[in-house]
């Protein structure tokens with residue numbers, strides 16, 4: 061098959077793979093941002109036991125490779141309890157990968173949120189209190205925007221890392237873009253022994269992280285009206 | 031009747047006694063200045079009055095109403111109606127603590143707006159109330175000499191301007207007693223002057239104020255009454271003439287002579 065004939069076949073496969081990459085990326089964000097917020101609130105709670113539990117979980121998750129977490133979450137239920145939790149096929153793999161990614165990223169987000177909230181000087185809270193504001197009003201009217209400004213750079217860092225980390229789901233054979241590119245080495249859709257599609261997947265990542273970088277840059281600029 | 035009565039206020043942090051049996055009264059329209067070295071308990075006293083700290087014992091009464099009887103109060107008593115109790119007092123901080131994402135005008139309006147929203151007639155009178163609140167804030171900022179700075183953000187203002195916005199913000203809620211916690215300690219001498227001028231102006235309008243300051247000459251000519259705190263106790267008090275002109279306690283003389291040397 062000539063290169064010209066390969067092109068449309070390869071792109072169609074890579075696009076399908078990238079769609080799956082996007083799905084995992086978006087599901088992770090939608091799940092991990094709120095979960096991370098909840099963990100951060102728990103980590104700042106008055107209950108010592110809760111704080112200790114969350115700190116331990118965060119340590120374990122941040123301290124071990126995401127790839128191992130993926131493998132454990134995907135294979136453990138089936139191997140040990142003999143009940144395949146995740147169902148068969150691609151949807152099961154996406155579910156397992158989503159759970160692993162959400163837990164992993166929530167732990168990173170948790171630390172960023174906690175650091176951001178604690179970085180706001182205590183004087184802001186006290187100024188609100190002496191002005192008769194309720195704690196919720198102080199959080200939403202006074203602190204929140206300052207927190208968002210403070211955490212935007214580390215959050216955008218994590219989100220860009222997440223784009224590329226989705227490729228780890230290849231290890232449980234999730235058919236994301238790396239999987240799609242690699243398939244042409246072993247042979248797929250009449251093409252085999254070809255490596256350039258795998259290399260070319262890098263362009264997809266670059267393009268997408270490029271868009272995200274511009275987006276976060278714009279957001280940061282929007283919040284630069286105060287210091 | 032005294033506007034403020036403080037009786038036997040005590041506060042310790044861990045094993046350190048920071049306020050030891052503080053009692054004093056204040057008349058409406060008076061200016062009280064708290065002086066004393068760092069760590070003598072001046073700031074803690076202001077923080078207790080503003081319910082930012084919970085005293086261990088003692089009574090705080092405003093206009094005859096007992097806001098706090100610390101020995102009798104449980105934690106839930108202390109927190110009940112805390113917001114309403116706080117509104118009797120205003121507090122101007124050493125480090126301004128303006129809200130950076132709001133303009134000077136918005137800083138002054140915010141708390142009043144939030145309180146107005148809690149009124150039952152807010153929905154019907156919203157537009158009129160907002161206009162009133164804005165007019166009030168604008169007139170306060172104009173009084174502070176900030177007419178052409180209202181739409182600036184705090185980072186665009188000098189320290190002296192920030193502190194004047196903070197004073198306007200505290201005045202917006204019409205507190206019975208306005209407290210200042212070393213309002214000029216974060217400012218250079220030039221900016222100190224403009225803030226002191228504003229406070230002097232408030233004194234001439236008979237605003238009831240408690241001022242913690244290290245500016246002795248300012249305390250001397252703005253205050254009606256001076257309290258010298260030393261290690262959490264009232265060491266000496268009286269009119270400025272008495273305390274500065276003829277101090278009775280050796281510790282007061284020693285403290286004041288350190289300032290005289292500067």
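Chains as they are written, first to last, in this note's numbering: chain A, 61 to 287; chain B, 31 to 292.
Every residue gets a Cβ at the ideal spot worked out from N, C-alpha and C, and that includes glycine.
Keep in mind it's a predicted model, so treat the numbers as computed, not measured.
Residue i by DSSP, collapsed to three states: which one?
i                      : result
residue 210 of chain B : strand
residue 99 of chain B  : strand
residue 104 of chain A : coil
residue 180 of chain B : coil
residue 109 of chain B : helix
residue 263 of chain B : strand
residue 256 of chain B : strand
residue 255 of chain A : coil
residue 43 of chain B  : strand
residue 153 of chain A : helix
residue 35 of chain B  : strand
residue 144 of chain B : helix
residue 122 of chain A : helix
residue 129 of chain B : coil
residue 119 of chain B : strand
residue 147 of chain A : coil
residue 239 of chain B : strand
residue 249 of chain A : coil
residue 175 of chain B : coil
Just to confirm, are residue i and residue j a CB contact at a threshold of 8 Å?
i                      : j                      : result
residue 227 of chain B : residue 192 of chain A : no
residue 97 of chain B  : residue 262 of chain B : no
residue 21 of chain B  : residue 238 of chain B : The requested residue 21 of chain B is not part of the displayed model; chain B covers only 31 to 292.
residue 174 of chain B : residue 200 of chain B : no
residue 130 of chain A : residue 229 of chain A : yes
residue 25 of chain A  : residue 103 of chain A : In the structure displayed, chain A extends from 61 to 287; residue 25 of chain A sits before or after that span and is not available.
residue 185 of chain B : residue 287 of chain A : yes
residue 39 of chain B  : residue 240 of chain B : no
residue 196 of chain B : residue 108 of chain B : no
residue 281 of chain B : residue 252 of chain B : no
residue 52 of chain B  : residue 119 of chain B : no
residue 189 of chain A : residue 116 of chain B : yes
residue 162 of chain A : residue 88 of chain A  : yes
residue 204 of chain B : residue 135 of chain B : no
residue 258 of chain B : residue 267 of chain B : yes
What does the alpha-carbon distance come out to for the pair residue i and residue j?
i                      : j                      : result
residue 172 of chain B : residue 183 of chain B : 16 Å
residue 248 of chain B : residue 270 of chain B : 10 Å
residue 271 of chain A : residue 142 of chain B : 42 Å
residue 256 of chain B : residue 65 of chain B  : 7 Å
residue 107 of chain A : residue 178 of chain A : 17 Å
residue 164 of chain A : residue 98 of chain A  : 14 Å
residue 79 of chain B  : residue 277 of chain B : 27 Å
residue 83 of chain A  : residue 248 of chain A : 23 Å
residue 70 of chain B  : residue 179 of chain B : 37 Å
residue 244 of chain A : residue 264 of chain A : 17 Å
residue 206 of chain A : residue 279 of chain A : 13 Å
residue 125 of chain A : residue 253 of chain A : 31 Å
residue 190 of chain B : residue 215 of chain A : 36 Å
residue 221 of chain B : residue 232 of chain B : 17 Å
residue 274 of chain A : residue 104 of chain B : 54 Å
residue 139 of chain A : residue 128 of chain B : 58 Å
residue 72 of chain B  : residue 266 of chain A : 59 Å
residue 75 of chain A  : residue 237 of chain A : 7 Å
residue 279 of chain B : residue 183 of chain A : 36 Å
residue 62 of chain B  : residue 285 of chain A : 39 Å
residue 283 of chain A : residue 186 of chain A : 24 Å
residue 146 of chain B : residue 139 of chain B : 10 Å
residue 26 of chain B  : residue 284 of chain B : In the structure as shown, chain B starts at 31 and stops at 292, and residue 26 of chain B therefore has no counterpart that could be examined.
residue 156 of chain B : residue 150 of chain B : 11 Å
For a contact defined as C-beta to C-beta under 8 Å, what are the partners of residue i on chain A?
i                      : result
residue 127 of chain B : 181, 183, 184, 186, 187
residue 110 of chain B : Residues of chain A passing the Cβ test: none, with the nearest at roughly 14 Å.
What in chain A is Cβ-close to residue i, meaning under 9 Å?
i                      : result
residue 101 of chain B : By Cβ distance, chain A contributes nothing, its closest Cβ being about 23 Å from residue 101 of chain B, past 9 Å.
residue 189 of chain B : Here the premise fails: no neighbours, minimum Cβ distance about 14 Å.
residue 185 of chain B : 286, 287
residue 80 of chain B  : 186, 189, 190
residue 116 of chain B : 189, 190, 191, 192
residue 194 of chain B : Within 9 Å Cβ-Cβ: nothing; residue 194 of chain B doesn't reach chain A, min ~15 Å.
What does residue i touch in chain A if you count any residue whose Cβ is under 7 Å from its own?
i                      : result
residue 145 of chain B : 192
residue 71 of chain B  : Here the premise fails: no neighbours, minimum Cβ distance about 18 Å.
Along chain B, in chain order, which residues have C-beta atoms closer than 8 Å to that of residue i?
i                      : result
residue 205 of chain A : 131
Starting from residue i, find everything on chain B with Cβ-Cβ shorter than 7 Å and list it in chain order.
i                      : result
residue 197 of chain A : 144
Mind listing the chain B neighbours of residue i? Cutoff is C-beta to C-beta under 9 Å, in chain order.
i                      : result
residue 202 of chain A : 129, 131, 132, 140
Which chain C residues are close to residue i, counting only those with a beta carbon under 7 Å from its beta carbon?
i                      : result
residue 121 of chain B : Judged by its chain identifiers, the structure shown contains no chain C, and its protein chains are A and B.
Counting only runs of 3+ residues fully inside the stretch 46 to 88 of chain B, write out the beta strand (DSSP E) ranges in chain order. 46 to 56, 61 to 65
Suppose only complete runs of 4+ residues qualify. What are the alpha helix (DSSP H) ranges in the stretch 174 to 231 of chain A, listed by chain order? 182 to 190, 204 to 225
In chain order, what are the residue ranges of uninterrupted beta strand (DSSP E) at least 3 long that sit wholly in the stretch 71 to 105 of chain A? none
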